[in-house]
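For reference, the structure discussed in these notes is given below.
In the working numbering, the protein residues as written are -12 to 129.
Structure (structure tokens):
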């Protein structure tokens, strides 16, 4: 059996199917669908490459060194102290970046043209909001 020859005119004259969506199950036989479901059931779920503990250990090791990690692992350093030190280190890091971010925020705020017909732009408010959040982190408040 040969397929009918489709031309643009025949397609235009054909009745329109409104809102019809096709799924993979529409194009498969029942046996193929069962085989797909069986294959999907035997497939292993995806595992995350790392979790929160791994990220915590990696940051601790990167910031303070392997000897610090070993001391923490053997219980010589308390978890609360490690958390405080990590927050303080992040704050110290932010303190270097805040002047640059404030300069960029001011430049962005000054470059936005204000048009009376359009509603007020939200860019400067967002820049100020981000900068305030960064300052809180640097001060150790967040």
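Every residue, glycine too, gets a C-beta built ideally from N, C-alpha and C.
**Message:** Pop quiz: residue 114 and residue 96 are said to be a contact at Cβ under 8 Å. What is the actual Cβ separation, rounded to whole angstroms?
**Reply:** 6 Å
**Message:** Considering only their Cβ atoms, is the gap separating residue 59 from residue 144 smaller than 8 Å?
**Reply:** For residue 144 there is no data in the structure shown, the boundaries of the chain being -12 and 129.
**Request:** Measure the beta-carbon distance from residue 75 to residue 127 and round it to whole angstroms, keeping in mind my assumption that it falls under 8 Å.
**Result:** 7 Å
**Message:** Going by DSSP in three states, residue 1 sits in which element: helix, strand or coil?
**Reply:** Three-state DSSP puts residue 1 in coil, outside helix and strand.
**For residue 45, the first and last residue of its enclosing alpha helix (DSSP H)** = 39 to 51
**Cutoff 8 Å; reference residue 124; Cβ partners in own chain excluding five residues on either side** = Within its own chain, the residues whose Cβ lies closer than 8 Å to the Cβ of residue 124, once the five positions on either side in sequence are excluded, are 77, 78, 81, listed in chain order.
**Prompt:** Is the beta carbon of residue 85 sitting closer than 8 Å to the one on residue 117?
**Reply:** no
**Message:** Quick test of your reading: residue 12 and residue 0, contact by CB under 8 Å. State the CB separation rounded to the nearest angstrom.
**Reply:** Their Cβ separation, rounded to whole angstroms, is 30 Å, which puts residue 12 and residue 0 out of contact at 8 Å.
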